[in-house]
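Protein chains in written order, with the working numbering: chain A, 1 to 158; chain B, 1001 to 1394.
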Amino acid sequence: MGSSPISSHELVERLWNDIRMREEVRSKTTVPELPVHEQFVHSEALRYINLYWEGRFPDAGQGSSGRGLKRRARRRLARFVIGLFADYMEGERQFNTNVVRVSNSLAHGHDRIASEVRQVAEAVRTESLRLTDEFDTLHRLLESRVAALEEAGRRPTS
Amino acid sequence: MRAAVISSGDFASWDERGAVLAHFVGALACLAEVDLLTGNGPARRTESEGAATREVFPARPPAPGRLHALELLAHGPQVPERAPCGCTRSAQRMLAEELPVEVEEEIVSLTGGDSPALLDHLISSSYDLVVFTGPDTAATVQGLRELRGRVATMLLPLVLPGPRLSLKVVRDAFASVDHVAATSAFEASIAVEAGARRVTTIGSVLRVHDLARRNEPLKFEDRAVVMARDWAATPPTEELLLTVRRLNRDLDTAVVRLLGPGWRSLPEDVRAPHVESRFDVWRWVARSLALWDPEPNRIFGRDVLEAMQYGTPVITPWQGAGREHAERGNGGLWYRTYDELLACVQALAGSDRLVATLGAQGQAYAVRNFADTDAYVERVAGLVSELVTRPAIR
Chain A
1 MGSSPISSHE LVERLWNDIR MREEVRSKTT VPELPVHEQF VHSEALRYIN
51 LYWEGRFPDA GQGSSGRGLK RRARRRLARF VIGLFADYME GERQFNTNVV
101 RVSNSLAHGH DRIASEVRQV AEAVRTESLR LTDEFDTLHR LLESRVAALE
151 EAGRRPTS
Chain B
1001 MRAAVISSGD FASWDERGAV LAHFVGALAC LAEVDLLTGN GPARRTESEG
1051 AATREVFPAR PPAPGRLHAL ELLAHGPQVP ERAPCGCTRS AQRMLAEELP
1101 VEVEEEIVSL TGGDSPALLD HLISSSYDLV VFTGPDTAAT VQGLRELRGR
1151 VATMLLPLVL PGPRLSLKVV RDAFASVDHV AATSAFEASI AVEAGARRVT
1201 TIGSVLRVHD LARRNEPLKF EDRAVVMARD WAATPPTEEL LLTVRRLNRD
1251 LDTAVVRLLG PGWRSLPEDV RAPHVESRFD VWRWVARSLA LWDPEPNRIF
1301 GRDVLEAMQY GTPVITPWQG AGREHAERGN GGLWYRTYDE LLACVQALAG
1351 SDRLVATLGA QGQAYAVRNF ADTDAYVERV AGLVSELVTR PAIR
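This is how it looks when you write it as structure tokens:
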């Protein structure tokens, strides 16, 4: 045999060990897959509060049309009660308007941040893969250099 | 000396067990008058089989369909062992141990060699040695039961690991035979695990033709990792084709090719064309980067040893006789997972020095241990003489 003996057992151990280490590095550097994000701005709850934030303002004449004395008295009483609560109702409406605006802004902001988190995760994943590939290439280069040096050292010098 | 070798039938031409049996009969014929007894015919007949006389006895015909159905019911699905934990085998063994004896008897009867005429012949003849092949056939189970204490007996296991080895009747056969002759340490370990008391690894013998090295095959592809099989008899599984295609995609400087008769039925992207005979296979193997044998349960490892005799490194799974030869001869690499298989091929494809050194080491081992017919005959003769002359241990 021209070259020095090689132990299959040691070689296999080394190959298996390399794979184990590569898997360990991969598991440490891999960014976990993030779940699919459902956009909050399209959620059913937000749609509901955008549609019904105003509520239904009671109508003073509703269900009391007609000419009877009793009905007239009921309309007058309704107008009185509505007049009594008008300022409160207007305040409540303004408050609801602002709550809906804030909710919409929060939903937009939340969706934007979730999207940005996913973009960052993808960028980190790509960079991690690139670094792993680069590490493998450098490792191979180093191995081939060591092999070349070994070969040169084995050659007889004149 | 008169010896009988009981075989339940013929092995397929590319089945390594057939080659092992033929070589053993040849070696035995150097020191005894050998009758090769087979229980698989419709009627009794006698014919010359080279060094031995073959006698065929009428027997219950094997029923592979019924056997398969019965084993499916008895042991569950026959899934191969995929991981080194041995979990599948343990589960199958537990199921097999619970079977009623009647079911066990039916399983071995359907396996082949169930021949009352052959049994009568064995009892009435005066053989000095009876050699059984396969512990799970009716001929072996019934024959060992009848001949216990009467004549020296030997068993060539020639059996793959599986739930049948856990059957009580099979374990009884292993325990009652005087000696088990195995072809590899892997096969010997199967026998010991199944209850054999005395086991000797006698190996086998094989020779390749040097001419195959000197003439290049048609459409030879340089830097090929090859796998050989009779594809007409055993078509490739989807899993194998997927692995080959994945390797071809992941490898930059090597290709994987499937060789053997039936190559026309293989997909074009994985096959090597015009490989019909074993000699054609040798011509590829002799100049390939490596031989890959993915079968994890080889009991002899003929393909691996042939490649090693040509100085070609081998790649084998983590268990089996293939790994044993690769490790003992320092002539190859072995793997458990796809990543490890890929790493093995890449290591060989990336270093001509590694290929040359492993090839030379493997060649020295294979030639020293498996190419010397005289040494093999001597090993067989030594074992037979010891068995026939020593007092029976019963």
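Every residue gets a Cβ at the ideal spot worked out from N, C-alpha and C, and that includes glycine.
Supposed close pair residue i, residue j - CB separation, criterion 8 Å
i: arginine 1271 of chain B; j: arginine 1257 of chain B; result: 7 Å
i: glutamine 1309 of chain B; j: glutamine 1363 of chain B; result: 6 Å
i: alanine 1138 of chain B; j: glycine 1113 of chain B; result: 5 Å
i: aspartate 1120 of chain B; j: alanine 1152 of chain B; result: Incorrect: roughly 20 Å between the Cβ atoms, too far for contact.
i: serine 8 of chain A; j: leucine 1358 of chain B; result: 7 Å
i: leucine 1333 of chain B; j: leucine 129 of chain A; result: Incorrect: roughly 27 Å between the Cβ atoms, too far for contact.
i: alanine 1181 of chain B; j: leucine 1156 of chain B; result: 6 Å
The ligand FMN heavy atom lying under 7 Å from the CB of residue i
i: leucine 1070 of chain B; result: Here there are no bound small molecules, and the ligand FMN is not part of this structure.
For residue i, the residue or residues it bridges with in DSSP
i: alanine 1181 of chain B; result: B:Thr1200
i: arginine 1154 of chain B; result: The residue you asked about is not arginine; residue 1154 of chain B is methionine in the sequence shown. Its beta-bridge partners are B:Val1131 and B:His1179.
i: alanine 1004 of chain B; result: B:Asp1035 and B:Val1130
i: glycine 1065 of chain B; result: The partner list for glycine 1065 of chain B (beta bridge, DSSP) is empty, contrary to what the question assumes.
i: isoleucine 1315 of chain B; result: B:Trp1292 and B:Leu1333
i: serine 1048 of chain B; result: B:Thr1053
i: arginine 1257 of chain B; result: B:Val1226
i: arginine 1271 of chain B; result: B:Leu1258
i: proline 1448 of chain B; result: There is simply no residue 1448 of chain B to check, as chain B begins at 1001 and stops at 1394 in what is shown.
Span of the alpha helix (DSSP H), counted from its first residue to its last, around residue i
i: glutamine 1304 of chain B; result: The amino acid occupying residue 1304 of chain B in the given sequence is valine; glutamine does not appear at that position. Counting along the chain, the alpha helix (DSSP H) containing valine 1304 of chain B begins and ends at 1302-1309.
i: serine 1403 of chain B; result: It is not possible to answer for residue 1403 of chain B, since the shown part of chain B is limited to 1001 through 1394.
i: phenylalanine 1279 of chain B; result: 1278-1285
i: leucine 1383 of chain B; result: 1373-1389
i: lysine 28 of chain A; result: 8-29
i: histidine 42 of chain A; result: No alpha helix (DSSP H) contains histidine 42 of chain A, which DSSP labels as neither H nor E.
i: glycine 1030 of chain B; result: Sequence check: residue 1030 of chain B is cysteine here, not glycine. From DSSP, cysteine 1030 of chain B is part of no alpha helix (DSSP H); its letter is neither H nor E.
i: asparagine 1369 of chain B; result: 1352-1370
i: arginine 1264 of chain B; result: Neither: arginine 1264 of chain B is in no alpha helix (DSSP H) and is coded neither H nor E.
i: proline 156 of chain A; result: Run containing proline 156 of chain A: none; DSSP gives neither H nor E here.
i: arginine 1323 of chain B; result: 1321-1328
i: serine 1166 of chain B; result: Note, serine 1166 of chain B: premise wrong, no alpha helix (DSSP H); not H, not E.
i: isoleucine 1123 of chain B; result: 1116-1124
i: serine 1098 of chain B; result: Note that residue 1098 of chain B is glutamate in the sequence shown, not serine. Note, glutamate 1098 of chain B: premise wrong, no alpha helix (DSSP H); not H, not E.
Sequence-distant residues of the same chain with beta carbon closer than 7 Å to residue i, five excluded per side
i: phenylalanine 40 of chain A; result: Leu46, Ala107, His110 and Asp111
i: arginine 1394 of chain B; result: Low confidence applies to arginine 1394 of chain B: its pLDDT is 43, below 50, so where it sits in the model is not reliable, and the reading given next is rough at best. Counting only Cβ-Cβ distances below 7 Å, and skipping sequence neighbours, we find Arg1148 and Gly1149.
i: valine 1034 of chain B; result: Ala1003, Val1005, Val1025, Leu1028, Ala1051 and Ala1052
i: isoleucine 1123 of chain B; result: Glu1146
Close Cβ partners of residue i (< 8 Å) along its chain, the five nearest in sequence each way excluded
i: arginine 118 of chain A; result: Leu34 and His37
i: glutamate 1016 of chain B; result: Arg1298, Ile1299, Phe1300, Gly1301, Arg1302 and Asp1303
i: valine 25 of chain A; result: Thr132 and Phe135
i: arginine 20 of chain A; result: none
i: proline 1267 of chain B; result: Leu1241
i: tryptophan 1012 of chain B; result: Looking at the sequence shown, residue 1012 of chain B is not tryptophan but alanine. Hits under 8 Å: Gly1018, Asp1230 and Ala1233.
i: alanine 1032 of chain B; result: Met1001, Arg1002, Ala1003, Asp1128, Leu1129 and Val1384
i: valine 1101 of chain B; result: Lys1168 and Val1169
Residue nearest to residue i in terms of C-alpha spacing, selected from the options
i: alanine 1173 of chain B; options: B:Glu1047, B:Leu1158, B:Glu1216 and B:Gly1143; result: B:Gly1143
i: arginine 1214 of chain B; options: B:Glu1327, B:Glu1055, B:Pro1064 and B:Arg1287; result: B:Arg1287
i: threonine 1234 of chain B; options: B:Arg1002, B:Ser1008, B:Thr1337 and B:Trp1014; result: B:Trp1014
i: proline 1296 of chain B; options: B:Thr1312, B:Pro1042, B:Leu1387 and B:Arg1323; result: B:Arg1323
i: histidine 1274 of chain B; options: B:Asp1293, B:Asn1040 and B:Lys1219; result: B:Lys1219
i: aspartate 1280 of chain B; options: B:Asp1250, B:Val1180 and B:Leu1211; result: B:Leu1211
i: glutamate 151 of chain A; options: B:Asp1352, B:Cys1087 and B:Ser1126; result: B:Asp1352
i: proline 1313 of chain B; options: B:Gly1162, B:Arg1336 and B:Gln1346; result: B:Gln1346
i: valine 1108 of chain B; options: B:Ser1090, B:Pro1061, B:Glu1306 and B:Gly1329; result: B:Pro1061
i: arginine 22 of chain A; options: B:Arg1164, B:Ala1343 and B:Arg1278; result: B:Ala1343
i: serine 1115 of chain B; options: B:Ser1008, B:Leu1251 and B:Tyr1376; result: B:Ser1008
i: serine 43 of chain A; options: A:Asn104, A:Arg93, A:Val31 and A:Ala147; result: A:Asn104
i: leucine 1167 of chain B; options: B:Pro1217, B:Asp1178 and B:Met1094; result: B:Met1094
i: valine 1225 of chain B; options: B:Val1131, B:Leu1341 and B:Ala1182; result: B:Leu1341
i: leucine 1305 of chain B; options: B:Thr1253, B:Val1205, B:Ser1277 and B:Glu1221; result: B:Val1205
i: arginine 1164 of chain B; options: B:Glu1097, B:Val1020, B:His1209 and B:Ser1176; result: B:Glu1097
i: histidine 1187 of chain B; options: B:Gly1331, B:Gln1319 and B:Arg1223; result: Position check: residue 1187 of chain B holds glutamate in this sequence, whereas histidine was assumed. Out of B:Gly1331, B:Gln1319 and B:Arg1223, B:Gln1319 has the C-alpha closest to the C-alpha of glutamate 1187 of chain B.
i: glycine 1039 of chain B; options: B:Ala1059, B:Thr1140, B:Trp1292 and B:Glu1047; result: B:Ala1059
i: alanine 1326 of chain B; options: B:Thr1373, B:Asp1136, B:Ala1069 and B:Tyr1365; result: B:Tyr1365
i: glycine 1203 of chain B; options: B:Val1192, B:Thr1183 and B:Pro1217; result: B:Thr1183
i: leucine 1348 of chain B; options: B:Glu1386, B:Gly1382, B:Asp1252 and B:Phe1370; result: B:Asp1252
Where the beta strand (DSSP E) containing residue i begins and where it ends
i: methionine 1227 of chain B; result: 1224-1228
Contacts around residue i, its chain only, beta-carbon distance under 6 Å, and the 5 residues preceding and following it disregarded
i: arginine 1045 of chain B; result: Val1056
i: alanine 1232 of chain B; result: Pro1261 and Gly1262
i: leucine 1067 of chain B; result: Leu1110
i: aspartate 1022 of chain B; result: For the record, residue 1022 of chain B in the displayed sequence is alanine; it is not aspartate. Closer than 6 Å at Cβ, skipping near neighbours: no residue.
i: tyrosine 1335 of chain B; result: Leu1341 and Cys1344
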